[in-house]
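Enquirer: Under the numbering used here, the first residue of the sequence shown carries the number 109, and numbering increases by one thereafter.
Ideal Cβ placement from N, Cα and C applies to all residues, glycine included.
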Amino acid sequence: MQLDVLGAGPAYSNRPDSIGAAYLLKSATSTLLLDLGQGAFARLASQIEPSDLDAVAISHLHPDHFVDLVPLRHYLRYEFDPPRRARVIAPRGVDARIDALLEEPGFTAAALDVEEQRPGTRLVGEFEVESVRVRHTEDSYAMRVSDVAAGLAGAGFVYSGDCGDANDLVPIIRRGDTLLCEVSFGTAAVPDGAEHLNAAEVAKLATSSGAGCVLLTHLQIGFDPEETIAAVREAYSGPVRFVWPGDRLEL
109 MQLDVLGAGP AYSNRPDSIG AAYLLKSATS TLLLDLGQGA FARLASQIEP SDLDAVAISH
169 LHPDHFVDLV PLRHYLRYEF DPPRRARVIA PRGVDARIDA LLEEPGFTAA ALDVEEQRPG
229 TRLVGEFEVE SVRVRHTEDS YAMRVSDVAA GLAGAGFVYS GDCGDANDLV PIIRRGDTLL
289 CEVSFGTAAV PDGAEHLNAA EVAKLATSSG AGCVLLTHLQ IGFDPEETIA AVREAYSGPV
349 RFVWPGDRLE L
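1. Hey, could you find the ends of the alpha helix (DSSP H) Arg181 is sitting in?
2. Over what stretch of residues does the beta strand (DSSP E) that includes Leu288 continue unbroken?
3. Helix, strand or coil: which one does DSSP assign to Asp162?
4. Got a sec, what are the start and stop residues for the beta strand (DSSP E) Glu236 sits in?
5. Under 8 angstroms: do the stretch 203-223 and the stretch 232-241 share three or more Cβ pairs, one atom per stretch?
6. In angstroms, rounded to a whole number, what distance separates the CA positions of Val164 and Phe331?
7. From the DSSP output, read off the bridge partner residues of Glu358.
8. Using a Cβ cut-off of 7 angstroms (strictly closer), state whether Ser167 contacts chain C.
9. If contact is defined by three or more beta carbon pairs under 8 angstroms, each pair taking one atom from either stretch, is the stretch 163-183 in contact with the stretch 136-143?
10. What are the partner residues of Val196, as DSSP defines its beta bridges?
11. Residues in the same chain with beta-carbon distance under 7 angstroms from Ala314, minus the five sequence neighbours each way, listed in chain order, please.
12. Under the DSSP definition of a beta bridge, which residues are partnered with Gly115?
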């Protein structure tokens with residue numbers, strides 16, 4: 109399985125290369141995009157033909173995780189004759205939100221086949237995607253992706269989305285999995301009600317779950333990546349690094 113990081117940024121940033129969350133997974137036969145935040149569509153289109161995606165899976169309905177479904181819809185609708193379509197797995201109400209944004213009922217349905225994100229397992233091409241609810245918004249999800257062709261021999265890939273309680277991720281992490289986890293507040297304490305994670309919580313989760321390696325993402329403005337990595341390493345002995353737009357990793 110290959111991971112292309114199209115975007116890894118939070119809702120706002122002072123980093124010039126900051127792009128909303130978007131993580132492209134590829135196997136020999138399948139492609140799955142996890143989230144499609146602000147600015148990520150252009151990187152997607154430079155990597156693959158967007159209409160070839162097996163699906164886009166959205167973790168929750170904050171714009172830095174889903175708003176570039178709008179340019180995806182435009183691309184599919186206007187670049188092809190007849191228009192092409194894409195499968196979108198998203199929390200309930202994503203179509204209503206996008207339609208309202210454009211003030212056009214049916215805008216989403218013109219090119220996107222939306223199915224409701226929910227707890228459980230489904231197939232996307234040759235990927236098995238297991239979703240679990242996490243505390244963040246009213247309807248937020250983390251996802252574990254595994255390659256069916258690899259069977260039990262292949263480790264999975266777990267994406268936290270945005271998460272306010274690391275314990276919510278425990279049910280979908282298997283020993284040896286790659287954990288792509290938000291660490292929004294770096295080395296600082298998470299403010300009450302923020303519903304995000306910090307380095308100490310990620311390290312504790314990775315150690316207790318037996319994650320094979322940790323990929324950090326979604327660092328908020330004002331926090332230092334190297335200090336955050338060092339803080340995770342204080343309590344987690346496996347490989348740990350940040351991912352940034354343009355990174356390509358073999359999992």
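Expert: In short:
1. Here residue 181 refers to the residue found at position 73 when the sequence shown is read from its first residue. Start and end: Leu177 to Tyr186.
2. For this step, residue 288 is matched to residue 180 along the sequence shown. It spans Thr286 to Glu290 - the beta strand (DSSP E) in which Leu288 sits, taken as one unbroken run.
3. Sequence index remark: in the sequence shown, residue 162 carries index 54 (1-based). In this structure, Asp162 counts as coil in the three-state DSSP scheme.
4. Reading the sequence shown from its first residue, position 128 is the one you call residue 236. Where Glu236 is concerned, the enclosing beta strand (DSSP E) stretches over Phe235 to Val242.
5. no
6. Here residue 164 corresponds to residue number 56 of the sequence shown, with the count starting at 1. Here residue 331 corresponds to residue number 223 of the sequence shown, with the count starting at 1. Val164 and Phe331: Cα-Cα distance of roughly 30 angstroms.
7. Your numbering for residue 358 matches position 250 in the sequence shown. Partner(s): Gln110.
8. Annotation note: the requested chain C is absent from the structure, which comprises a single protein chain.
9. yes
10. For the purposes of this step, residue 196 is taken as residue 88 along the sequence shown, with counting starting at 1. According to DSSP, which records beta bridges pairwise, Val196 is partnered with Val164 and Val222.
11. Sequence index remark: in the sequence shown, residue 314 carries index 206 (1-based). So the list reads Leu287, Val322, Tyr344 and Gly346, once near-sequence residues are dropped.
12. Numbered from its first residue, the sequence shown carries residue 115 at position 7. Partner(s): Ala130.
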